[in-house]
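Trainee:
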Amino acid sequence: MKVPFNKPFVTGKEQDYIGDVIACKKLSGNGKYTKLCQNWFKEKFNAKHCLLTTSCTDALEMSSILADIQPGDEVIIPTYTFVSAANAFVLRGAKIVFVDSLAEHPNLDHTLLEELITEKTKAIVVVHYAGIACDMDAIMAIANKYDLVVIEDAAQAIGAKYKNKYLGTIGHFGAYSFHATKNIHCGEGGLLLVNDDKHIRRSEIIWEKGTNRAAFVRGEVDKYSWVDVGSSFLPSELNAAFLWAQLEFFESIFEKRIEIWNSYFENLTKLNTPVLPNYSTNNGHIFYIVCENLKHRIDISSYLKAHSIQAYFHFLSLHSSPYMNGCTLGSFPNADRFESCLLRLPIYNSMTPEEVQFVAQKLLSYKPNTKLT
Ligand SMILES: *Cc1c(COP(=O)(O)O)cnc(C)c1O
Numbered sequence: 038m039k040v041p042f043n044k045p046f047v048t049g050k051e052q053d054y055i056g057d058v059i060a061c062k063k064l065s066g067n068g069k070y071t072k073l074c075q076n077w078f079k080e081k082f083n084a085k086h087c088l089l090t091t092s093c094t095d096a097l098e099m100s101s102i103l104a105d106i107q108p109g110d111e112v113i114i115p116t117y118t119f120v121s122a123a124n125a126f127v128l129r130g131a132k133i134v135f136v137d138s139l140a141e142h143p144n145l146d147h148t149l150l151e152e153l154i155t156e157k158t159k160a161i162v163v164v165h166y167a168g169i170a171c172d173m174d175a176i177m178a179i180a181n182k183y184d185l186v187v188i189e190d191a192a193q194a195i196g197a198k199y200k201n202k203y204l205g206t207i208g209h210f211g212a213y214s215f216h217a218t219k220n221i222h223c224g225e226g227g228l229l230l231v232n233d234d235k236h237i238r239r240s241e242i243i244w245e246k247g248t249n250r251a252a253f254v255r256g257e258v259d260k261y262s263w264v265d266v267g268s269s270f271l272p273s274e275l276n277a278a279f280l281w282a283q284l285e286f287f288e289s290i291f292e293k294r295i296e297i298w299n300s301y302f303e304n305l306t307k308l309n310t311p312v313l314p315n316y317s318t319n320n321g322h323i324f325y326i327v328c329e330n331l332k333h334r335i336d337i338s339s340y341l342k343a344h345s346i347q348a349y350f351h352f353l354s355l356h357s358s359p360y361m362n363g364c365t366l367g368s369f370p371n372a373d374r375f376e377s378c379l380l381r382l383p384i385y386n387s388m389t390p391e392e393v394q395f396v397a398q399k400l401l402s403y404k405p406n407t408k409l410t
């Protein structure tokens, strides 16, 4: 039995909807399928305003423009995360200030935030790792106290909640990813959630190359012109049509992933499995174990690989990346530990119970210094 790490899920409706787009000859962005997808998020997740983008990276870049990040502003970001969360702000000239993970979870340690805030701090980016919520009440209280913008990188967190609110709808901005490795996907795609009324109008302008085209289409102005900075952040209808085919199956995709996640969790109680805080639900995006040390992780992943199972580590902490060039102050022991010890197991929608059992059994039968054939 061969178990890959991921298999992008296809519902079977994608070709029909893409065919429809081609037949209607309405291929550029902000058409029927874009609106269907955006409305779905508004209704299902109670999102105030949202815009489909070509990636989560783009949605983060939009949030950085909307938060009015200026050269020299400081933005606090967890070091254990994907590079897009930092780049979006570096592109506007921000200085990145890293924060460590919690000891028990890769999510940022909010108790460290206050001591990192200075006169120049403008925003905090929170990343809900593996779709598990950060402590949003605590984070929003700090943001309100210091008048900071909160951006939720909810790339992995679609469908998961903090208390009774969907992740991505709590901070001033939220961003989802529809990359092929995520729970719901269209190859490459994303969504910006604008949760604060005062940013809604400008978000439409930035989305369409800095023009007031959206107002023009609504008949509010008689021509559309260059009114602000912006870029081409909107995806084509081909991507939106693919995404719509996925959203129609959201519930079953969600349930299937949770089922696989729970099966791992129940089988692997002897190992160091994910800790779920009581304020967070789960969306089954990633299942991981935390190994004892780097050597232990390399040994286990080689052992699994020898049994045709793909298991991967995850982020390389940004504070020690080549781009930072050794300039980061401070120490980040928890992030360092997750960088060295976290191992992600295969999880995908078409995974069978037998495949899950196979992976779990192999892991349980692993013994240190096993000879690989
Ligand atoms: C996947 C991911 C992204 C990037 O998403 P894209 O849609 O590929 O731009 C950003 N942040 C996190 C935490 C991710 O997991």
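When we follow the numbering used here, the leftmost residue of the sequence shown carries the number 38, and every step to the right adds one.
All residues carry an ideal CB built from backbone N, CA and C; glycine is no exception.
In this text, all values refer to a predicted model and were calculated from it rather than measured experimentally.
#1: For the structure I just gave you, are there three or more beta carbon pairs, one from the region 370-382 and one from the region 277-296, closer than 8 Å?
#2: Ligand 1 and residue 122: does the residue's C-beta get closer than 7 Å to at least one heavy atom of that ligand?
#3: Given a cut-off of 8 Å on the beta-carbon distance, is the pair residue 90 and residue 210 in contact?
#4: Between residue 70 and residue 252, what straight-line distance do the alpha-carbon atoms span, to the nearest angstrom?
#5: Taking the CB atoms as reference points, tell me whether residue 217 and residue 205 lie closer together than 8 Å.
#6: Taking the continuous beta strand (DSSP E) assigned at residue 190, which residues delimit it?
#7: For residue 262, which residues of its own chain have a beta-carbon under 7 Å away from its beta-carbon, when the five flanking residues on both sides are left out?
#8: Check whether the Cβ of residue 140 lies closer than 8 Å to any Cβ atom in chain D.
#9: Taking 7 Å as the cut-off, is the beta-carbon of residue 190 closer than that to any non-hydrogen atom of ligand 1?
#10: Evaluate residue 175 with the Cβ neighbour count: other Cβ atoms within 10 Å of its Cβ, from every protein chain shown; 16 or more gives buried, anything less gives exposed.
#11: Could you give the DSSP three-state label for residue 100: helix, strand or coil?
#12: To the nearest angstrom, report how far apart residue 134 and residue 58 are at their CA atoms.
#13: When you compare only the Cα positions, how much space is there between residue 233 and residue 161?
#14: Here's the rule I'm using: 16 or more other beta-carbon atoms within 10 Å means buried, otherwise exposed. How should residue 118 be labelled?
#15: Report the option in 75, 308 and 342 whose CA atom is closest to the CA atom of residue 212.
#16: For residue 115, does the three-state DSSP call read helix, strand or coil?
#17: Would residue 154 and residue 183 qualify as a contact pair, given that the criterion is a beta-carbon distance under 8 Å?
#18: Report buried or exposed for residue 254, applying the criterion of at least 16 other Cβ atoms within 10 angstroms of its Cβ.
#19: Near residue 10, what residues of its chain come up, given a Cβ to Cβ distance below 8 Å and the 5 sequence neighbours on each side ignored?
Mentor: Taking the coordinates as given:
#1: Result no; under three Cβ-Cβ pairs closer than 8 Å.
#2: Under cutoff, so the answer is yes.
#3: The Cβ atoms of residue 90 and residue 210 lie no closer than 8 Å to each other.
#4: Straight-line Cα distance between these residues: approximately 19 Å.
#5: 8 Å or more divides the Cβ of residue 217 from the Cβ of residue 205.
#6: In this chain, the beta strand (DSSP E) harbouring residue 190 covers 186-190.
#7: Hits under 7 Å: 248 and 249.
#8: Going by chain labels, chain D is absent from the structure shown, which holds only one protein chain.
#9: The answer is yes for residue 190.
#10: Classification of residue 175: exposed, given that the 10 Å Cβ count is below 16.
#11: DSSP places residue 100 in the helix class (H, G or I) of the three-state scheme.
#12: Straight-line Cα distance between these residues: approximately 44 Å.
#13: Those two C-alpha atoms are separated by around 16 Å.
#14: When all chains shown are included, residue 118 counts as buried.
#15: With respect to the C-alpha of residue 212, the residue from 75, 308 and 342 having the closest C-alpha is 75.
#16: Strand, per DSSP.
#17: Between residue 154 and residue 183, the C-beta spacing is below 8 Å.
#18: Looking at its Cβ environment, which holds fewer than 16 other Cβ atoms inside 10 Å, residue 254 is exposed.
#19: Residue 10 is absent from the model: the chain starts at 38 and stops at 410.
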